[in-house]
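Undergrad: Just passing along the structure, written as structure tokens.
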DNA sequence: AACAGCTAATTGGTATGATCACTTGTACTT
DNA sequence: AAGTACAAGTGATCATACCAATTAGCTGTT
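Residue numbers (UniProt numbering), protein chains in the order written: chain A, 1 to 241; chain B, 1 to 241.
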């Protein structure tokens, strides 16, 4: 993929489909700066003719790259290259979390543990008062109780605000994709039915205190502990799949 | 009939495209176990009729999910659900690394630093003698010199073997996608022209020693230092984009 | 009966053209 | 001058035909 794109045109690309080749061509155009962020592509009809393939094929290529967050389609207006920023490109990452089951969910949480603890530590070192206040607001939303949906949304916003404060958009996009809403809901429901919600509250509070104290090491360990709690819960409830 | 009648009058699925709805339906079928790993889907013609859409549309949906690593198409044989394992689902992750530039590359390295240091620490705690020997082999391949391509391949194999030894396939797949071959080549060429290759060698050696000593903390810090070295180099050479 | 090779049915891949739906710019109306 | 209506451009969907790869079944030989 990386290596074969630019080189030997015949050997590698001979057997793959027309649409696949079109995908590679467009990717190469972007990688080499021929197509830039925000730029408009030729119309489907023109582009198909230009590449010597049918409209069906170029459409498949365009849709594939749209799925990957590289292109954006505006009905009636044309096809454009996205901003190519991490949050565009990593949107599909969430699909993994959505359809993963069993052991893979545990593995995903381990990834989240590594990333979120690093991000929370970084956030502690550079978070602004305004950002910290926002984190506080989400924390209080969680404490207010309410429907599971509201709790889940507040929970996500809490962690998202922290990770964003770390100043690494790429990491934020990945962490965000790692935990789907349906999975978060499962965790909350599970903790609710077992009366363990207070434990989550405590952990959130500790994370906030570490951030407020601008203590990276405390932030790192409290964040890791929090994800680990979810991890442990999941291991004990894997039978539900 | 399939979509609008079956569920709530969702404002969500009202405006999205036919193909997009088909994608969601297939994903839901997989998430709910209606479609299992390795299972075969109806033929394009049957499936299209079943969902009440055209073959073109179902094809777009199928291709999109193929790109995401969820489905696998076998020409003449049918469409199948993949293993749904992380290495299938995260293959597209590499696209981000391929087309990223500038600041995003730095951010990607920071993600890699967090993940690879965690994975290397885990590997130190559980690596087998056989796995350690494999790591050693790749390390010696790097030391032997040779073409840049060979060095790059050996470098990738070295890190890959370590991350795999951590026992988390998901993390391994992500880390693997984080560093494209073209980027690795850039790093090696850059260090070669500045005579700093020996620094990379030293770092690799230290990582290996930490693994051989089964010392997780040493493994964590040596791995982090190594990625940080690349990170620092990149910051100083961002003008090349 | 067992096996090899060929044939035909099955199924995905591509192409084409028609038609629908959305966006945008422009000319017209008020 | 502002707003509206229209028309051109462009993506969305569909239907159909034909090409290409695979698979299963048949045929023929041994």
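Every residue gets a Cβ at the ideal spot worked out from N, C-alpha and C, and that includes glycine. Note that the structure is a prediction, hence the values are computed from the model and not measured.
Is the distance from the Cβ of residue 211/B to the Cβ of residue 219/B below 7 Å?
TA: Yes, Cβ-Cβ distance for residue 211/B and residue 219/B is below 7 Å.
Undergrad: Leaving out the 5 sequence neighbours to the left and right, which residues in its chain are closer than 6 Å to residue 9/A when beta-carbon positions are compared?
TA: Annotation note: pLDDT 34 at residue 9/A (below 50); position unreliable, no value reported.
Undergrad: Leaving out five residues on either side along the sequence, give the residues of the same chain with a beta carbon under 7 Å from the beta carbon of residue 178/A.
TA: These residues qualify, in order along the chain: 97, 108, 111 and 112.
Undergrad: Grab me the residues of residue 151/A's own chain with a C-beta within less than 8 Å of its C-beta, minus the 5 sequence neighbours each way, in chain order.
TA: For residue 151/A, where only same-chain residues beyond five positions count, the Cβ hits under 8 Å are 142, 145 and 188.
Undergrad: Mind the definition here: the segment 77 to 95 of chain A touches the segment 27 to 44 of chain A only if three or more C-beta pairs lie below 8 Å; say whether that holds.
TA: Touching, yes, given that three or more Cβ pairs across the two stretches are closer than 8 Å.
Undergrad: To the nearest angstrom, how far is it from the Cα of residue 183/A to the Cα of residue 106/A?
TA: Straight-line Cα distance between these residues: approximately 12 Å.
Undergrad: For residue 80/A, list the residues DSSP reports as bridge partners.
TA: Paired residue(s): 40/A and 72/A.
Undergrad: Measuring only from the beta carbon, is residue 17/A closer than 6 Å to any heavy atom that is part of the ligand ZN?
TA: With respect to the ligand ZN, the structure offers nothing, as it holds no ligand at all.
Undergrad: Specify the secondary structure class of residue 56/A as computed by DSSP and reduced to three states.
TA: Looking at residue 56/A - three-state DSSP - the assignment turns out to be helix.
Undergrad: What's the gap between the Cα of residue 20/A and the Cα of residue 95/B?
TA: Cα to Cα, residue 20/A sits roughly 14 Å from residue 95/B.
Undergrad: Going along the segment 75 to 104 of chain A in order, which residues come within less than 9 Å of chain B, judged by CB to CB distance?
TA: Answer in chain order: 75, 84, 85, 86, 89, 90, 92, 93, 95, 96, 98, 99, 100, 101, 103 and 104.
Undergrad: For residue 206/A, which residues of its own chain have a beta-carbon under 7 Å away from its beta-carbon, when the five flanking residues on both sides are left out?
TA: The answer, listed in chain order, is 222.
Undergrad: How long is the line joining the alpha carbons of residue 3/A and residue 197/A, rounded to whole angstroms?
TA: Low confidence applies to residue 3/A: its pLDDT is 34, below 50, so where it sits in the model is not reliable, and the reading given next is rough at best. So the alpha carbons of these two residues sit roughly 50 Å apart.
Undergrad: Run down chain A in chain order and give the residues with a C-beta less than 7 Å from the C-beta of residue 110/B.
TA: Under the 7 Å cutoff, chain A gives 168 and 171.
Undergrad: Name the chain A residues that come within less than 8 Å of residue 246/B, Cβ to Cβ?
TA: Summary: the structure shown does not reach residue 246/B, with chain B confined to residues 1 through 241, and so no result is reported for it.
Undergrad: Taking only the alpha-carbon atoms, compute the straight-line gap between residue 124/B and residue 158/B and give it to the nearest angstrom.
TA: Answer to the nearest angstrom: the Cα atoms are 14 Å apart.
Undergrad: Starting from the C-beta of residue 132/A, find all residues in its chain whose C-beta is less than 7 Å away, skip the five residues before and the five after it, and write them out in chain order.
TA: Excluding residues within five positions, the ones whose Cβ falls inside 7 Å are 211 and 212.
Undergrad: Please work out which residues of its chain come closer than 8 Å, Cβ to Cβ, to residue 237/A, disregarding the five sequence neighbours upstream and downstream, and give them in chain order.
TA: Excluding residues within five positions, the ones whose Cβ falls inside 8 Å are 190.
Undergrad: Tell me the rounded alpha-carbon separation between residue 121/B and residue 114/A.
TA: Residue 121/B and residue 114/A: Cα-Cα distance of roughly 11 Å.
Undergrad: List the residues of chain B that residue 63/A touches, going by C-beta distances under 8 Å, in chain order.
TA: Within 8 Å Cβ-Cβ: 19, 60, 63 and 64.
Undergrad: Give a yes or no on contact between the segment 52 to 62 of chain A and the segment 21 to 35 of chain A, applying the rule of three or more CB pairs nearer than 8 Å.
TA: Enough Cβ pairs lie closer than 8 Å, so yes.
Undergrad: How about residue 89/A and residue 69/A: do their beta carbons lie closer than 7 Å?
TA: For residue 89/A and residue 69/A, yes; Cβs fall inside 7 Å.
Undergrad: Given residue 74/A, which residues of its chain have a CB within under 8 Å of its CB, disregarding the five upstream and five downstream residues?
TA: Excluding residues within five positions, the ones whose Cβ falls inside 8 Å are 80.
Undergrad: Taking all protein chains shown into account, decide if residue 117/A is buried (16 or more other Cβ within 10 angstroms of its Cβ) or exposed.
TA: It is buried - the Cβ of residue 117/A has at least 16 other Cβ atoms within 10 Å.
Undergrad: Output yes or no for whether 7 Å exceeds the beta carbon distance between residue 31/B and residue 99/A.
TA: Going by C-beta atoms, residue 31/B is nearer than 7 Å to residue 99/A.
Undergrad: If distances are taken between C-alpha atoms only, which option among 200/A, 192/A and 63/A comes closest to residue 155/A?
TA: Nearest C-alpha to residue 155/A: 200/A.
Undergrad: Could you give the distance in angstroms between the alpha-carbon of residue 167/B and the alpha-carbon of residue 78/A?
TA: Spanning the two alpha carbons is a distance of roughly 45 Å.
Undergrad: Going by other Cβ atoms of all chains shown within 10 Å of its Cβ, with 16 needed for buried, is residue 92/B buried or exposed?
TA: The residue in question, residue 92/B, is buried, as its Cβ has 16 or more Cβ neighbours within 10 Å.
Undergrad: Between 180/A, 185/A and 126/A, which has its C-alpha nearest residue 149/A's C-alpha?
TA: The shortest Cα separation from residue 149/A among 180/A, 185/A and 126/A belongs to 185/A.
Undergrad: Would residue 164/B be called buried (16 or more neighbouring beta carbons within 10 Å of its own) or exposed?
TA: The residue in question, residue 164/B, is buried, as its Cβ has 16 or more Cβ neighbours within 10 Å.
Undergrad: Does any residue of chain A have a CB that is nearer than 7 Å to the CB of residue 118/B?
TA: Chain A contact via Cβ: present.
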